[in-house]
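Colleague: Here it is, the structure in full.
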């Protein structure tokens, strides 16, 4: 049994699984149920001046019959009075002193407003604060959420205002609706943030009804963009976490989120630099009890890897993530088709023939049976055939020893610059 | 179980006929099937499982790749969960309760359970630890599913447990009584091994009442759990029953699990008497030993047979013929004392008897002969009445009487579970029921001996 306890910028929790600030953390009743189920922490649904919500609010994307591949919402921050939330935070913290409760905050971008809310929530005993600079819909139209979060100067300034009075660690939650998240992450660090969290939801429209031509979701026939999350956004989130983790100036812990549905994604995020993860969509799809397998699966994984603490995972893959220019141009893999396993759907052939490099031949073996064969000399090792292959083990991507020494693009360019007049062996 | 398919019978290599017929799911099938599970809240499959396995939880763990956690979830609720994955009548239990019966197709719960437990077997996982020793010791008499379950739970509570097993190996019915092509012996052995690794001592070849006295155990142990199950097939009470070639179905199946498959039935005619699940086992074993002609005779009709529908289908795939409304009246042999024929009489159904089934009555002058080189009796199981009486326990026709709440017998330090308390009219005795009763009796003993029962670790 490994040690699953987490320490993110001084915020401690019994395990790395927190509920993200979202509908599941709207009330004390819910957060207490979550802690009973085993969640290590919860980021309370964003506090601020209560808002008015619309009906309906959520939509999900099904893909190939699988429900909730992605999830879209147009719900705003808490619609309950601040006093009620603060009372419930106090009661919940009292009942669960070892669990992390982080208050998510969003107010108008003034120093006075930030000072006021930080003081009020810290008075009831939260373990930390998460500044919501990410909510992309509704609040952004009022100059809050993503509207603040998309302007590095505003991120820095507001973080600094919160930090001026905060006694507990301040996490800045970033929006992915920006060209390069490291700009705002760095701004948060410059403002004094103790940690950053990402990603908030991505601007989205879940769909359009083919009969009524209404948007999905819609409110009385009219729609507005929402925030997208769920399993489909994981690669986007993972990259943003990784980019921040390897950025030399973003030297604060990262709370990762975006498509974490099981212990597996949690491990991925942590390897890529996240100190713990936050979850919402998976809990909304299946209930709080999913955390049981997250904890059990992570524990068994750590045992298998011989690791004593979950903190030992944090950042272990960051050094493996770099710029394209540092990748070895001379490394080569080729596809190998195992005809014993192949079921002859020919999807690899047509994928390669139509959309890649025309190197998979449909042939007959000596007994006249259909086989597929890769012309290795023409294969660029793109992986497409193995991606579309429906059977485990039918296509392996194997390393192809071409005898060339490693050379990256950057090394190649440097070599060209250093030897303008020499005749060096370059890759064309 | 619905996908139990015969692969045809080899007459050249009889041994292969006893290989497991169902391959189980491969990793990709398990991944697809587990992701099809809805992960219901308050799921009906859990309630339909006699051992209350948290089925959505173990399936979710397969989907997340946490196979150790999945196997632990299963085995925690059911100490013989690997066996049950293969032998449970799932369509009458968990799969029958799956909500997807009302929309698409139920989840293959049994197969997924097998996938997870097979992984644990293959990867030699030890899933549980013994509890901290509390200084008390328990004797478990009988190492079948109920006994193993009792012992496993008590060991986790911290008791020093010794199983007394009359046979060469523990596992009872799971080791000896369920046909190999449904349940390979190594599955049961693994379950026995899991129990043994919790420091449970298993004394095999030790019959209580013969090799060690019941009184001795009473003195040496703080409590006794009686899990001796049931005995042999009863006598038919017809002439010729002692002829060579007349077998007890339980012994007949046991023989196929206790050594190489023999060929004495190759090309022969076999008649099995009875139409319960044991009769099907005997008939399919006979067919797989190469018998050319296998008949099941039953004095009632298909409607009254107690075999599960999937068992019936499986027997049909092995070309077993069913002769309904047929009552054996005499086994006829040749001069060397070997069976040659079974004399039968045709029956018709009359008025319902005390258990509600129509009573079969002979049709006058309808006697006929059935050629047979072997006759296998499968008309139920006897009780260990003499043994139970020698232990001084109250019983009713060999069914030990227990308090329904405390599971205590007429002696205050003796508890009982499994088939030994399974009274007639309660339906089919299942491995999974025995497993659950083992858990319950362990808890009952724990409640009696420990003022503040602790949870299992």
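Protein chains in written order, with our numbering: chain A, 943 to 1370; chain B, 8 to 464.
A virtual CB, placed ideally from N, CA and C, is assigned to each residue, including glycine.
The structure presented is a predicted model; accordingly, all values stated were derived computationally and were not measured.
#1: Under three-state DSSP, which class holds residue 1065/A?
#2: Among 50/B, 72/B, 335/B and 36/B, which residue has its Cα nearest to the Cα of residue 1209/A?
#3: Assuming residue 445/B and residue 134/B make a contact with CB atoms under 8 angstroms, what is their CB distance in whole Å?
#4: Do residue 211/B and residue 262/B come within 7 angstroms of each other at the CB atom, strictly closer than that value?
#5: Below 9 angstroms between beta carbons is the criterion; list the residues of the region 1198-1217 of chain A that meet it against any residue of chain B, in chain order.
#6: Going residue by residue through the region 260-324 of chain B, where are the continuous beta strand (DSSP E) segments of at least 3 residues, counting only ones entirely within it?
#7: Among 1348/A, 1290/A and 1309/A, whose alpha-carbon lies nearest the alpha-carbon of residue 1339/A?
#8: Where do the N-terminal and C-terminal ends of the beta strand (DSSP E) with residue 156/B fall, by residue?
#9: Look up residue 209/B in the DSSP assignment and say whether it is helix, strand or coil.
#10: Chain B partners of residue 1307/A, CB-CB under 9 angstroms?
#11: Residues of chain B with CB closer than 8 angstroms to the CB of residue 1235/A, please, in chain order.
#12: Looking at chain A, is there any beta carbon in it that lies within less than 7 angstroms of the beta carbon of residue 201/B?
#13: Residue 120/B touches chain A at which residues, Cβ-Cβ below 7 angstroms?
#14: Closer than 9 angstroms, Cβ to Cβ, to anything on chain B: give me those residues from the region 1232-1265 of chain A, in chain order.
#15: What number of angstroms, rounded off, separates the C-alpha of residue 348/B from the C-alpha of residue 438/B?
#16: Could you compute how far the alpha carbon of residue 344/B sits from the alpha carbon of residue 232/B?
#17: At 7 angstroms on the CB atoms, spell out the chain B contacts of residue 1229/A, in chain order.
#18: Relative to chain B, which residues along the region 1327-1353 of chain A have a C-beta separation below 8 angstroms, given in chain order?
#19: Measuring straight from C-alpha to C-alpha, what distance separates residue 207/B and residue 158/B?
#20: In its own chain, which residues sit with a C-beta less than 6 angstroms from the C-beta of residue 313/B, not counting the 5 before and 5 after it?
#21: Terminal residues of the continuous beta strand (DSSP E) containing residue 330/B?
#22: For the candidate residues 1045/A, 1103/A and 1089/A, whose alpha-carbon lies nearest to that of residue 1052/A?
#23: Does residue 132/B have its Cβ less than 7 angstroms from a Cβ in chain A?
#24: Between residue 1006/A and residue 278/B, what straight-line distance do the alpha-carbon atoms span, to the nearest angstrom?
#25: Does the beta carbon of residue 35/B come closer than 7 angstroms to any beta carbon on chain A?
#26: Rounded to whole angstroms, how far is the Cβ of residue 236/B from the Cβ of residue 180/B, which I believe are closer than 8 angstroms?
#27: Could you pull out every residue in the same chain whose Cβ sits closer than 7 angstroms to the Cβ of residue 9/B, ignoring the five residues on either side in sequence?
#28: Can you name the residues that DSSP bridges to residue 167/B?
#29: Does DSSP classify residue 1351/A as helix, strand or coil?
#30: Below 8 angstroms on the Cβ atoms is my guess for residue 1207/A versus residue 1176/A; work out the distance and round it to an integer in Å.
#31: Suppose you measure from the CA of residue 1025/A to the CA of residue 1043/A; what does that come to, to the nearest Å?
#32: Can you tell which of 1124/A, 1335/A and 1245/A has its C-alpha closest to the C-alpha of residue 943/A?
#33: Once DSSP output is grouped into helix, strand and coil, what is the label at residue 1075/A?
#34: Going by beta-carbon coordinates alone, are residue 188/B and residue 372/B separated by less than 7 angstroms?
#35: Cα separation between residue 464/B and residue 1143/A?
Modeller: The relevant details are as follows:
#1: Residue 1065/A falls in the helix class under three-state DSSP.
#2: Distances from the alpha-carbon of residue 1209/A to those of 50/B, 72/B, 335/B and 36/B put 72/B closest.
#3: Their Cβ separation, rounded to whole angstroms, is 17 angstroms, which puts residue 445/B and residue 134/B out of contact at 8 angstroms.
#4: Taking 7 angstroms as the Cβ cut-off, residue 262/B and residue 211/B do not qualify as a contacting pair.
#5: Cβ contacts with chain B: 1203, 1204, 1205 and 1206.
#6: Counting only runs of 3 or more, we get 276-280 and 300-304.
#7: If we check each option's Cα against that of residue 1339/A, 1290/A comes out closest.
#8: Not the beta strand (DSSP E): residue 156/B falls in the alpha helix (DSSP H), residues 152-164.
#9: Residue state, collapsed to three classes: strand.
#10: Within chain B, no residue has its beta carbon less than 9 angstroms from that of residue 1307/A; the closest one is some 24 angstroms off.
#11: Within 8 angstroms Cβ-Cβ: 64, 67, 68, 71, 73 and 76.
#12: Taking 7 angstroms as the threshold, the shortest C-beta distance from residue 201/B to chain A does not fall below it.
#13: Within chain A, no residue has its beta carbon less than 7 angstroms from that of residue 120/B; the closest one is some 16 angstroms off.
#14: Answer set for the region 1232-1265 of chain A: 1232, 1234, 1235, 1236, 1238, 1239, 1240, 1241, 1242, 1243, 1245 and 1246.
#15: Rounded to whole angstroms, the gap between the alpha carbons of residue 348/B and residue 438/B is 35 angstroms.
#16: The alpha-carbon atoms of residue 344/B and residue 232/B are separated by roughly 43 angstroms.
#17: Under the 7 angstroms cutoff, chain B gives 48.
#18: For the region 1327-1353 of chain A, which is checked against every Cβ of chain B, the residues closer than 8 angstroms are 1333 and 1334.
#19: The alpha-carbon of residue 207/B is positioned some 7 angstroms away from that of residue 158/B.
#20: The residues are 283.
#21: Run containing residue 330/B: 328-330, per the beta strand (DSSP E) assignment.
#22: Of the residues 1045/A, 1103/A and 1089/A, the one whose Cα lies closest to the Cα of residue 1052/A is 1103/A.
#23: The C-beta of residue 132/B comes no closer than 7 angstroms to any C-beta of chain A.
#24: In this structure, the alpha-carbon of residue 1006/A lies about 53 angstroms from that of residue 278/B.
#25: The Cβ of residue 35/B sits closer than 7 angstroms to at least one Cβ of chain A.
#26: Right, the Cβ-Cβ distance comes to about 7 angstroms (below 8 angstroms), so this counts as a contact.
#27: Per-residue confidence for residue 9/B stands at a pLDDT of 46, beneath the threshold of 50, marking its modelled position as unreliable; the derived number appears in the next sentence. Sequence-distant partners of residue 9/B (beyond 5 residues in either direction) whose C-beta falls short of 7 angstroms from its own C-beta, in its chain, are 98 and 317.
#28: Paired residue(s): 144/B.
#29: Here residue 1351/A sits in helix by DSSP.
#30: Their Cβ separation, rounded to whole angstroms, is 6 angstroms, which keeps residue 1207/A and residue 1176/A in contact under 8 angstroms.
#31: In a straight line, the C-alpha of residue 1025/A is about 16 angstroms away from that of residue 1043/A.
#32: Nearest of 1124/A, 1335/A and 1245/A to residue 943/A, Cα basis: 1245/A.
#33: Looking at residue 1075/A - three-state DSSP - the assignment turns out to be strand.
#34: It is not a contact, given that the beta carbons lie outside the stated cut-off.
#35: Only weak support exists for where residue 464/B lies, its pLDDT of 48 falling under 50; the coordinates are left without a value.
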